[in-house]
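Trainee:
2 protein chains.
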Amino acid sequence: MSRSESRDDVRRRREEIRDLRRQMRQSRHELRRMGSRGQPEESRAAILRAVAIEFSEQGIAGARTDAIARAAKVNKALLYYYFQDKETLYGAVLDEAFGRMKLAIFQVLDSSLPSSEKIVAYVGAYFDFIASNPIYPRLMQREMMRARAGDSVHIERLVKSYFEPIYHRVSELLHKGIREGVFRKVDPAHFVPSMIATIVFYFSSAPVMRRLFHFDPLTPERIAERRAAVLDFISAALFKPCSSANPGVRQ
Amino acid sequence: MSRSESRDDVRRRREEIRDLRRQMRQSRHELRRMGSRGQPEESRAAILRAVAIEFSEQGIAGARTDAIARAAKVNKALLYYYFQDKETLYGAVLDEAFGRMKLAIFQVLDSSLPSSEKIVAYVGAYFDFIASNPIYPRLMQREMMRARAGDSVHIERLVKSYFEPIYHRVSELLHKGIREGVFRKVDPAHFVPSMIATIVFYFSSAPVMRRLFHFDPLTPERIAERRAAVLDFISAALFKPCSSANPGVRQ
DNA sequence: ATTATCTAACTAACTGGTTAATTAACAATG
DNA sequence: CATTGTTAATTAACCAGTTAGTTAGATAAT
Chain S
40 MSRSESRDDV RRRREEIRDL RRQMRQSRHE LRRMGSRGQP EESRAAILRA VAIEFSEQGI
100 AGARTDAIAR AAKVNKALLY YYFQDKETLY GAVLDEAFGR MKLAIFQVLD SSLPSSEKIV
160 AYVGAYFDFI ASNPIYPRLM QREMMRARAG DSVHIERLVK SYFEPIYHRV SELLHKGIRE
220 GVFRKVDPAH FVPSMIATIV FYFSSAPVMR RLFHFDPLTP ERIAERRAAV LDFISAALFK
280 PCSSANPGVR Q
Chain C
40 MSRSESRDDV RRRREEIRDL RRQMRQSRHE LRRMGSRGQP EESRAAILRA VAIEFSEQGI
100 AGARTDAIAR AAKVNKALLY YYFQDKETLY GAVLDEAFGR MKLAIFQVLD SSLPSSEKIV
160 AYVGAYFDFI ASNPIYPRLM QREMMRARAG DSVHIERLVK SYFEPIYHRV SELLHKGIRE
220 GVFRKVDPAH FVPSMIATIV FYFSSAPVMR RLFHFDPLTP ERIAERRAAV LDFISAALFK
280 PCSSANPGVR Q
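Each protein sequence line maps, in turn, to chains S and C. So for the first sequence, this note's numbering puts the first residue at 40; every next one is plus one. So for the second sequence, this note's numbering puts the first residue at 40; every next one is plus one.
#1: Looking at the unbroken alpha helix (DSSP H) that takes in S:Y206, where does it start and where does it end?
#2: According to the neighbour-count rule (16 or more other Cβ atoms, all chains shown, within 10 Å of its Cβ), is C:E182 buried or exposed?
#3: With a CB to CB cut of under 8 angstroms and the five nearest residues on each side skipped, what residues in its chain are close to S:Y241?
#4: In the DSSP assignment, what residue or residues form a beta bridge with S:F278?
#5: Go through its chain and collect everything with a Cβ distance to C:A245's Cβ below 7 angstroms, but skip five positions before and after it.
#6: 8 angstroms is my cut-off, CB to CB: does C:A275 come that close to chain S?
#7: Spatial neighbours of S:R83 within its chain, please: CB distance less than 6 angstroms, with the 5 preceding and 5 following residues excluded, ordered by chain position.
#8: Along the segment 161–187 of chain C, what residues have a CB closer than 8 angstroms to any CB found in chain S?
#9: Taking the Cβ atom as the reference point for each residue, do S:Q97 and C:Q180 lie within a distance shorter than 8 angstroms?
#10: Can a CB atom of chain C be found closer than 8 angstroms to the CB of S:S244?
#11: Run the CB neighbour count on C:H253, radius 10 Å, all protein chains shown included, and call it buried at 16 or more, exposed below.
#12: When the Cα of C:L95 is compared with those of C:K125, C:I174, C:P227, C:L277, which residue comes out closest?
#13: Does the Cβ of C:G101 have 16 or more other Cβ atoms within 10 Å, making it buried, or fewer, making it exposed?
#14: Which complete alpha helix (DSSP H) runs does the segment 164–190 of chain C hold, if anything under 4 residues is left out?
#15: Does DSSP put S:S66 in a helix, a strand or coil?
#16: Kindly indicate if chain C contains any beta-carbon less than 8 angstroms away from that of S:H229.
#17: Kindly confirm or deny that the segment 159–174 of chain S and the segment 105–115 of chain S touch, where touching means at least three C-beta pairs closer than 8 angstroms.
#18: Is it buried or exposed for C:E81, if we count other Cβ within 10 angstroms and need 16 for buried?
#19: Report buried or exposed for S:S151, applying the criterion of at least 16 other Cβ atoms within 10 angstroms of its Cβ.
#20: Would you identify the three-state DSSP class for S:N285, choosing helix, strand or coil?
#21: Closer than 8 angstroms, CB to CB, is C:T104 near chain S or not?
#22: Locate the alpha helix (DSSP H) running through C:P256, then write down its first and last residues.
#23: Figure out for me which residue from C:L213, C:R250, C:E135 has the closest Cα to the Cα of C:F230.
#24: Can you tell me where the alpha helix (DSSP H) with C:A102 in it begins and where it stops?
#25: Short of 8 angstroms in beta carbon distance, which residues of its chain neighbour C:R208, apart from the five on each side in sequence? Order them along the chain.
#26: With DSSP as the reference, label S:P232 as helix, strand or coil.
#27: Quick one: what's got a C-beta closer than 6 angstroms to C:R185's C-beta in the same chain, skipping five residues either side?
#28: By alpha-carbon positions, which one of C:L197, C:A170, C:A131 ends up nearest to C:A263?
#29: Can you name, in chain order, every residue of its own chain whose Cβ lies under 6 angstroms from the Cβ of S:F168, other than the five neighbours on each side?
#30: Starting from the C-beta of C:G273, find all residues in its chain whose C-beta is less than 7 angstroms away, skip the five residues before and the five after it, and write them out in chain order.
#31: Mind checking C:E260: buried by the 16 CB within 10 Å criterion, or exposed?
#32: Quick check: what's the CA-CA separation for S:F18 versus C:V225?
#33: What residues in its chain sit with their C-beta under 7 angstroms from that of S:L87, if we drop five residues either side in the sequence?
#34: Checking 8 angstroms against the spacing of the C-beta atoms, do S:V198 and C:L128 come in under that value?
#35: Using a Cβ cut-off of 8 angstroms, pull out every chain S residue sitting near C:G98, in sequence order please.
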């Protein structure tokens, strides 16, 4: 008897709690996105945004689907309604980020500037993209590390779709400049990685810089300073010395 | 009666199993590390070695203590016998790796070479250290990412103990070379990161390179080629053009 | 009524860390 | 020189907490 009573007690309490929760939710969200048919596009986009941040900061292994759902203000099951699994989710974010990067870069590479100016524009554009999309280099780093461990199902696609096309165009550009006599005789297969390194490293090592220099390396002023330094560094390494074709930026 | 018999049975079987295990272990390890008081130093070292590999490949969140124990051929509880927790384990590995790096670098910085040769020697030494200790840049990358997410308890110590001393010495070296008129007027706060970037990036992006160029970028020949390219790149960016003091390496 | 959209609650598997027991070496003791 | 006790090294088995992914519905628009 007392047993069945306590069971009833539990059920009653549970229902009370459910009602209370419903009220809370209603008052908190003010009726927004209750039940179904809220704004699906918005939800999907919110998920991708949250995933990008979570993955770039914590990595795949460290990323928590609950945290993602909370950040996107969406139930966790919705992640699996829109995407197959964690891995697919990650892939979607990568394609989104790298796609935008490719677009920004090709805008410059497709322009009709002289070689020396175009390479400077390319470096500048890449720098600017990273400066205003800081999660891009983070995702790239993460993915490269996963690829080394042999755990990346995305790397092949990413290289074919994004890196290879860009690399080929920049490589051509370098060869052209060398033929024209404005660039030193560098090997694109090494020079391109060196350029990217110089551009990217400052951002990925910002936490170290902050502690080494005792100031925030990511303020707009510092970033502008770095931009100039990067262009100077690369220009000095690429342009023929004692030549008149040096539009390099100095401070 | 049958009960006591079965109990005896169990005891006998247990002893048999124990003997068998002992034999197995003996034959496998040839008497090494049996039972207790084997070689604690060896066990500790084996753990650290395994941790270094596991952490550099999987990161802290992805690293599995079970996998580490298996790789070190040691029981998991032994990890916690020697180290407080996962985090402490990671810290020990970081200090070991960064300590050796600092040693190798200071050996060059303490030498009495002229500025231009010393900076080349520094870059070469750093490159060589990374080339033969590939887990170092991986650990560094991991830790920088954790630091950005605010999850690193080690970064402060690492910067103070390893990066700061090295940075200051290289910075002095650059200033000296500039005063002497052999180096261009570069800002060490930007030039040093750019150098490190050029040195490190090739290794951390090897998985992309492999797919981009369709060959292994980490063979001794390719690494030697890269070394030359890095020295050329940095030399060209640092040494005054049209000056006689360019010992830069070309292919 | 159907369908697209959304949720709370659940589960099976896994993971960092703990515990109590076991083993070997060694020193002291009888 | 055997026995005993002590201590450091090592382990199997376990546990409490977490996590990716699932399920059984609920809600609203059509």
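Each residue gets a CB set at the ideal place from its N, CA and C atoms; glycine is no exception. Since the model is a prediction, treat every value here as computed from it, not as a measurement.
Mentor: Checking against the coordinates, here is how it stands:
#1: 203–219
#2: buried
#3: M248, P256, R265, V269
#4: S:F222
#5: P256, L257
#6: yes
#7: Y121
#8: R177, Q180, R181, M183, M184, A186, R187
#9: no
#10: yes
#11: exposed
#12: In the sequence as presented, Leu is not what sits at residue 95 of chain C; that position holds Ser. Checking every option, the nearest Cα to that of C:S95 belongs to C:I174.
#13: buried
#14: 174–187
#15: Because S:S66 sits at a pLDDT of 41, beneath the cut-off of 50, its placement in the model cannot be relied upon, and the point is left open.
#16: yes
#17: no
#18: exposed
#19: exposed
#20: Only weak support exists for where S:N285 lies, its pLDDT of 41 falling under 50; the value from the coordinates is given anyway. S:N285: coil per DSSP, three-state reduction.
#21: no
#22: That residue, C:P256, is in no alpha helix (DSSP H); it is neither H nor E in DSSP.
#23: C:L213
#24: First-last for C:A102: undefined, no H or E at that position.
#25: F145, L148
#26: helix
#27: S191
#28: C:A170
#29: M140, A143
#30: Residue identity differs from the one stated: residue 273 of chain C is Ile in this sequence, not Gly. For C:I273, where only same-chain residues beyond five positions count, the Cβ hits under 7 angstroms are V162, M234, T237.
#31: exposed
#32: This structure cannot settle anything about residue 18 of chain S, because the visible part of chain S is limited to 40 through 290.
#33: A131, V132, E135
#34: no
#35: G98, A100, G101, M184
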